[in-house]
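Protein chains in written order, with this note's numbering: chain A, 50 to 164; chain B, 171 to 282.
Data first, discussion second: the structure below is written as structure tokens.
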């Protein structure tokens with residue numbers, strides 16, 4: 050009964066080789082987020098979509114891009130992964146944002162290794 | 171934007187004792203404060219949350235208190251059990267912002 054599904058669970062890529070992580074949801078939530086979590090650190094918001102509206106955090110590197118082709122799917126593209134991009138990438142959804150904020154539902158994450 | 175500070179970074183308590191984790195926030199317009207529990211290798215899971223129009227909320231052994239004047243909120247776990255061992259993150263959302271800002275986390279260790 051997984052509601053936010055991330056694939057793959059583990060991803061290995063080479064330095065500089067583009068990689069795409071995927072996320073799907075069955076909750077029909079308006080908002081989808083991508084968080085980066087490095088070892089022993091808090092999740093850090095990279096960007097989010099409210100429906101088709103893309104919202105980038107000011108300090109998210111240009112190397113990270115995202116696509117949301119429909120309500121259910123969202124992708125994280127890392128154009129040229131560096132060693133510092135090795136992390137757990139967490140997808141999350143919520144019904145709404147701002148003053149109508151509703152809780153986040155996280156996927157199980159994709160652990161990215163860069164060799 | 172919002173800045174959330176969390177203390178302590180590690181907390182060790184005897185099984186059965188209480189644990190308290192504290193967070194402060196910077197944006198006085200923040201209105202939603204969740205707490206997430208993350209076990210090793212797993213996703214963060216919401217355990218309790220509180221909105222700014224409420225001072226305290228309780229769910230069995232877990233409670234959260236909010237002091238808007240001082241801009242801090244705390245997680246209280248009573249009668250701790252081994253399965254409470256995990257990393258706990260507080261978070262806040264700034265006025266007008268769309269995404270949560272997380273604290274740095276507290277590693278809670280329950281000693282048998």
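Cβ coordinates follow ideal geometry from the N, Cα and C atoms, glycine included.
- Beta-bridge annotation (DSSP): residue 54 of chain A is paired with A/73.
- Residue 221 of chain B is classed as exposed because its beta carbon has fewer than 16 other beta carbons within 10 Å across all chains shown.
- Residue 125 of chain A is positioned such that its CB atom lies no closer than 9 Å to that of residue 86 of chain A.
- Unbroken beta strand (DSSP E) stretches of 3 residues or longer found wholly inside the region 61 to 129 of chain A: 68 to 74, 80 to 86, 93 to 99, 102 to 105, 113 to 116 and 122 to 127, given in chain order.
- For residue 98 of chain A, the number of other beta carbons within 10 angstroms of its own is at least 16, and it is reported as buried.
- Beta-bridge annotation (DSSP): residue 139 of chain A is paired with A/84.
- Proximity of residue 113 of chain A to chain B, defined by a Cβ-Cβ separation below 9 Å, is not satisfied.
- From the beta-carbon of residue 269 of chain B, the residues of chain A found nearer than 8 Å are 82, 94, 97, 104, 106 and 146.
- Residue 184 of chain B has its alpha-carbon roughly 43 Å from the corresponding atom of residue 110 of chain A.
- With contacts defined by Cβ atoms closer than 9 Å, residue 84 of chain A and residue 94 of chain A form a contacting pair.
- Where residue 227 of chain B is concerned, the enclosing beta strand (DSSP E) starts and stops at 226 to 229.
- Secondary structure note for residue 204 of chain B: its beta strand (DSSP E) is the uninterrupted segment 202 to 208.
- Annotation for residue 244 of chain B: the continuous beta strand (DSSP E) segment containing it runs 242 to 247.
- Residue-level contact check: residue 89 of chain A touches chain B, since one or more beta carbons of chain B fall below 9 Å from its beta carbon.
- No Cβ of chain A is located within less than 9 Å of the beta carbon of residue 229 of chain B.
- Distances from the CA of residue 73 of chain A to each of A/160, A/131, A/130 and A/116 were compared; the closest alpha carbon is that of A/116.
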